[in-house]
Structure formats: structure tokens, C-alpha cells
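Asker: If you want the numbering used here, it's the position in the sequence shown, counting the first as 1, plus 33.
Let me give you the structure first, and then I'll get to my questions.
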Amino acid sequence: MLFLSVFTKNPDMKKIVFLCVALGLSVASFSQTNTNAVYNRFFTGSTMRVDYYHTGTAREEHFSMDRVLNDGPWAGSETVLLDNLNRGLYFFKITDTLTNTLIYSRGFASIFGEWQSTGEPNWATFSESLRFPWPKVPVKVTIEKRDAKNNFVPVWSTVIDPASRLVNPAVLKSTYKSFPYIENGKSASHVDIVILGDGYTAAEMDKFHKDVKTLTDELFSVEPFKSRKADFNVRAVETPSATSGVNKPHPGVFNRTPLSMSYGAFDSERYALTFDNRTVRDVAASVPYDYMFILINERTYGGGGIFNLYSTVAADNKFSRYIFVHEFGHSFAALADEYYTSDVAYQTPEITVEPWEPNVTALLDKANLKWKDLVKPNTPVPTPWDKTEYDNFSYAIQKERRALRAANVPETEMEALFEREKKTSLDMFGKNKYKDATGAFEGGNYMQFGIYRSALDCIMFTRNKQAFCPACSKAITEVIDMYSR
Ligand SMILES: [Zn+2]
């Protein structure tokens, strides 16, 4: 609300209203054609970053303004300004206050949103950021959240006048070394990924470069990223740390590193996140970026991915390549986990509404399955598979996993368990009649029953193979299209 009080009349008001009339813009929104003209009229070419605090309990949430900064040149699309994919727990809208025109929108998820679903009874505050093209005129920023029926409803709004003295237009001069890994062209027409590293000492920077190469090459060996590699730029930023490795509270290994990466987020031993949003955003802004990845210089299995925030992965684990691609599925395309037998930190409510994630369905309306265009007429929906056999096996594996973790065994023993799990489940899946079909297979999104996925296997389900199911592939392609036009 701070920014409402500094709202000032913009001298360009008349000019802009005239331009809107000339461009045939409606007051509610604009048509997606001609959007390049819209971009040039409404935005300067820089990135506005709004840092705010997201505070609350499991039952309530509040927002408060932190600061408004210039995050460097705008790296996103100049033509696809509105997000029509309907993904994320949250959604933000930028509206021109002079004409009441919606000029930018994006879906996103947040650490607060995940924290809230753990049922933790106490209060907590997380720093979050919204990034959008720097407006020439005062804009209304609105954050919306899903209601019980998964419709977006406003939860916070504020007005920002870019000419206000409380808006800082200075660009942070990065003191970090950055290097390009893949350069295919202009940021505006490419998906720009920035890779950060934490727990790498100055002497380990060659290893960081090698890890960036190994994992990036892996991502672009998996479809649909493989066919669309020319639509991406990948750059990395070095943040050398005084000691090697990051914080690991479960085994009692404590560390302080520049990006504050830590295992044990929400008390899940394998969930690795950083809550230091302000620092991470400042480092990432050393290069133009749409999506962020943080490599952790660790062997211990772990990672995480939050839609439109970042993905993380432990770079030295036997399954790092799998985790890298899997977590990017979460942060890039808002894909749900398709697994359901492992321990997770969330409490999942009873299923009465269709989940918004593009790769899982509650199948409440069989005739309108969200990936129905990918299903052949002779495939039954729901699609039969040897679920009981798989569930018995998989729950037994999870029990072994918990026992190994509790005993703090060497990482090799855990990796051996995962290898055994992979071999047995591949054999099981191979016997299924519909093993290659697209349909609706029960089990997914942490739910043993009542949620369905599009294929028997997928990188969002198991560590068996590096391939996305058809629903996931389609969802990823739609995001690549959004950022490469
Ligand atoms: Zn999938």
C-alpha cells in the first residue's frame, strides 16, 4: 500500500491513451497479435523486480512491499506478454492504470505456498520476487491465488509508479564472473537459463564448469528439449564459497555458503532449497534470464524445483542427471510429481477438484481428459496396469530407504537400492499391455488412488528412463513456445 501514496500523474498519459485508441486496444486486455507494438508502447526494455515479503500461517497469508529494483535488460518475450497456460498456485497481473489494460501476466509457485501445505502451525515469512518488463506508466500489480475450486482470486494488489523516488532505476553492477555455455541468439526470442552454483570453492570452479556442461548436455538429450535446443541460451554465474559443500542439517553437517543452499527444507532430508531470495536474485541478474537452476556441489541425493522460481540439484550423485531434468520439469513447466509411494512433506487434501497441473488428472470428467487429443480410441480410460504389484514393491523399497537414511549409510548403499528399484520396476512395466500407450494410469501427485497420469512411466514418476510422458512433453513445449517467440 506504500506505493499508492506516491502515485503521481504521468505526463505521458494523454499520449498513451491516444496510442491505445490508435492501436485498437480494449480497456480489458489486448489481442495477442500486434503485441510487439504493445511492448514498445508500455515498456522500456528493462526488467522491473518487485521484492516483497510473503507472511502467514497454514490458514492465512499476507504480503508487504520490500523494494522495487531494476533487474537489468528484459530477457523475456516481447510478444507473448500474457500467460494463458493457467499454471501455478499463484498468478500475477500487471495492469496499466491509465487505460485499465492488462499488459503482462505469469503463473508461478512459491516456497511460501509449499510451506503452507506442510500444515506447520507457526508463522513464517519468505522473501519473493515478481519480474516483468519495466513499465513506462504507473501499473497495478495484482497477485492471485487458487481458491478451493482452483480458480484464481486476488490476494494482494499495489500500485507502482515507475517515476516514484521509492522505485530504484539503477542497475546493479555485477561483481560475479559469468560465462556463456550455449548462445543461440537474442534473449527476447529465446528461453534464457541461468545456472548458479553453491558450495563450490574458487579452486573448484573448473568442476562447476564441468558440472554445468554435463547437466546441460543431459537436459538437451531429452525430448522435447532436444529438438528445441536452438531456442535456448544457457549462461552460468560463479559464486565461489569459502568451504566445499552446502548445509546438511540431517546428518549434522553445517555450512555457510554464498547462496545459502541447504538440504532439509521443510524437514525433508533430500529437499534442497535456499530461502535467501534477495541474494539469489541479485546473483542471477548478472546475466539475462527467464529460468534459474542452482547446482549444489554435493554427492548426497537431493534437489528441488518450484515453478517459475528455480530448480536445484546435487551435482555429484549417481542420479544427478535424472534429478536435473526432473526438477526442471517442475520449475519450467509446473509439472506435478507423478510418484506417490515416497514420503513427502505435504498434506494432500481430498480430491474434489481437477488438479491444475498439466500432467495429472482426477478424471472427474472422463470425456474431457486434459490430454484427450493424445489418447488413441482403442485405449481404455482409466487404463489398466499392474498397480497392486507395483505398489507392494514400491512401498517396501521406501521402507528400506527410510531405514538406510536413518542409519546414515554411505551414499553408495542408497544408490544401490535405487538401482535395484529401477531394474525391478522396469521388468514389471515391461509386462503391461499398455506400456507404450497414452491413457490415464491411476496413481500420481502423491496420491495412491484418485489421481491419474498420462503414461505408465515418465521422468516425473520414476528414475527408470530419461523420457517425459506425452502430457509432460506437450506442457514443456507450450512453455518453450511462450519464451521463444
Ligand atoms: Zn509425465
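Positions of the beta carbon are idealized from the N, C-alpha and C atoms, including for glycine.
Closer than 7 Å: is that where the CB of MET493 sits relative to any heavy atom of ligand 1?
Answerer: Correct: MET493 has its Cβ closer than 7 Å to ligand 1.
Asker: Apply the 10 Å Cβ neighbour rule to SER506 and answer buried if 16 or more other Cβ atoms are within range, or exposed otherwise.
Answerer: The residue is buried, with at least 16 neighbouring Cβ atoms inside 10 Å.
Asker: Can you list the alpha helix (DSSP H) stretches of 4 or more residues lying completely in the stretch 268-353, in chain order?
Answerer: Counting only runs of 4 or more, we get 310-317.
Asker: From PHE352, PRO154, LYS219, GLU177, pick the residue whose C-alpha is nearest to that of PHE141; which is it?
Answerer: Out of PHE352, PRO154, LYS219, GLU177, GLU177 has the C-alpha closest to the C-alpha of PHE141.
Asker: Terminal residues of the continuous alpha helix (DSSP H) containing HIS242?
Answerer: From DSSP, the alpha helix (DSSP H) with HIS242 extends over 238-252.
Asker: Between GLU161 and GLU111, what straight-line distance do the alpha-carbon atoms span, to the nearest angstrom?
Answerer: Each residue's Cα considered, the two are about 24 Å apart.
Asker: Could you tell me the boundaries of the beta strand (DSSP E) in which ILE226 lies?
Answerer: Its beta strand (DSSP E) spans residues 224-231.
Asker: Sort out for me which residues DSSP pairs GLY89 with in a bridge.
Answerer: Answer is GLU94, ALA157.
Asker: Is it right to say GLU446 is buried, meaning 16 or more other beta carbons lie within 10 angstroms of its own, or is it exposed?
Answerer: So GLU446 ends up on the exposed side.
Asker: Can you check which of these residues, GLU452, TYR137, PHE357, is closest to ALA305 by C-alpha distance?
Answerer: Minimum Cα distance to ALA305 is reached at PHE357.
Asker: For a quick check, are the C-beta atoms of PHE145 and GLU94 less than 8 Å apart?
Answerer: Yes. Within cutoff.
Asker: Excluding the 5 residues preceding and the 5 following PRO213 in the sequence, name in chain order all residues of the same chain whose CB lies nearer than 6 Å to its CB.
Answerer: Around PRO213: ARG268.
Asker: Identify, in the order they occur along the chain, each residue of the same chain with its Cβ nearer than 7 Å to the Cβ of TRP418, setting aside the five sequence neighbours on each side.
Answerer: Counting only Cβ-Cβ distances below 7 Å, and skipping sequence neighbours, we find ASN465, TYR467, PHE474, LEU489.
Asker: CB of ALA318 to nearest heavy atom of ligand 1: below 7 Å?
Answerer: False, no ligand heavy atom lies under 7 Å from that Cβ.
Asker: Between the C-alpha atoms of ASP264 and TYR373, what's the straight-line distance to the nearest angstrom?
Answerer: Going by the C-alpha atoms only, they are around 33 Å apart.
Asker: Going by C-alpha to C-alpha distance, which of ALA317, SER319, LYS351, GLU360 sits closest to GLY336?
Answerer: Per the Cα distances, GLU360.
Asker: Quick one: grab the DSSP three-state call for ALA142.
Answerer: Looking at ALA142 - three-state DSSP - the assignment turns out to be coil, as it is neither helix nor strand.
Asker: Quick one: is the Cβ of SER487 within less than 7 Å of any heavy atom of ligand 1?
Answerer: Answer for SER487: yes, Cβ within range of ligand 1.
Asker: Within 10 angstroms of the Cβ of ALA317, are there 16 or more other Cβ atoms? Answer buried if so, exposed if not.
Answerer: Buried, because 16 or more other Cβ atoms sit within 10 Å of the Cβ of ALA317.
Asker: Got a sec: does ligand 1 put a non-hydrogen atom nearer than 7 Å to the Cβ of ALA367?
Answerer: The answer is no for ALA367.
Asker: From PHE96, ALA369, THR333, pick the residue whose C-alpha is nearest to that of ALA504; which is it?
Answerer: Answer by Cα proximity: ALA369.
Asker: Are the CB atoms of PRO166 and ASP194 nearer to each other than 8 Å?
Answerer: Result no, Cβ atoms of PRO166 and ASP194 do not sit closer than 8 Å.
Asker: Consider the C-beta atom of PHE501 and the heavy atoms of ligand 1; say whether any pair is separated by less than 7 Å.
Answerer: Result yes, Cβ under 7 Å from ligand 1.
Asker: Excluding five sequence neighbours on each side, which residues of the same chain lie with their C-beta closer than 6 Å to the C-beta of ARG435?
Answerer: Around ARG435: no qualifying Cβ.
Asker: Going by other Cβ atoms of all chains shown within 10 Å of its Cβ, with 16 needed for buried, is SER22 buried or exposed?
Answerer: As shown, the chain starts at 34 and ends at 518. That puts residue 22 outside it, with no answer to give.
Asker: Where LYS498 and ASP323 are concerned, what is the direct C-alpha to C-alpha distance, given to the nearest angstrom?
Answerer: Cα-Cα distance, rounded: 27 Å.
Asker: For the alpha helix (DSSP H) holding ASP514, just list the boundary residues, first then last.
Answerer: 503-516 is the span of the alpha helix (DSSP H), which, as asked, contains ASP514.
Asker: CA-CA distance, ALA500 and ARG354?
Answerer: For ALA500 and ARG354, the distance between alpha carbons rounds to 12 Å.
Asker: Compute every distance between the C-beta of ASN392 and the non-hydrogen atoms of ligand 1, then say whether any falls below 7 Å.
Answerer: For ligand 1, at least one heavy atom lies less than 7 Å from the Cβ of ASN392.
Asker: Excluding the five sequence neighbours on either side, which residues of its own chain have a C-beta within less than 7 Å of the C-beta of LYS351, listed in chain order?
Answerer: For LYS351, where only same-chain residues beyond five positions count, the Cβ hits under 7 Å are GLU448.
Asker: Does DSSP put MET493 in a helix, a strand or coil?
Answerer: In the structure shown, MET493 sits in coil (DSSP, three-state: anything other than H, G, I, E or B).
Asker: With a threshold of 7 Å, establish whether the CB of ALA504 neighbours any heavy atom of ligand 1.
Answerer: Indeed, a heavy atom of ligand 1 lies less than 7 Å from the Cβ.
Asker: Helix, strand or coil, according to DSSP, for ALA500 in the structure here?
Answerer: In the structure shown, ALA500 sits in coil (DSSP, three-state: anything other than H, G, I, E or B).
Asker: Any heavy atom of ligand 3 within a distance shorter than 7 Å of the CB on GLU256?
Answerer: The ligand content of the structure shown is limited to ligand 1, which means ligand 3 is not among them.
Asker: Rounded to the nearest angstrom, how far is the Cβ of VAL245 from that of ILE228, given a contact under 8 Å?
Answerer: Between ILE228 and VAL245 the Cβ distance is about 5 Å, and since that is below 8 Å, they are a contact.
Asker: Beta carbon of GLU93: closer than 7 Å to some heavy atom of ligand 1?
Answerer: No, the Cβ of GLU93 stays beyond 7 Å of every heavy atom of ligand 1.
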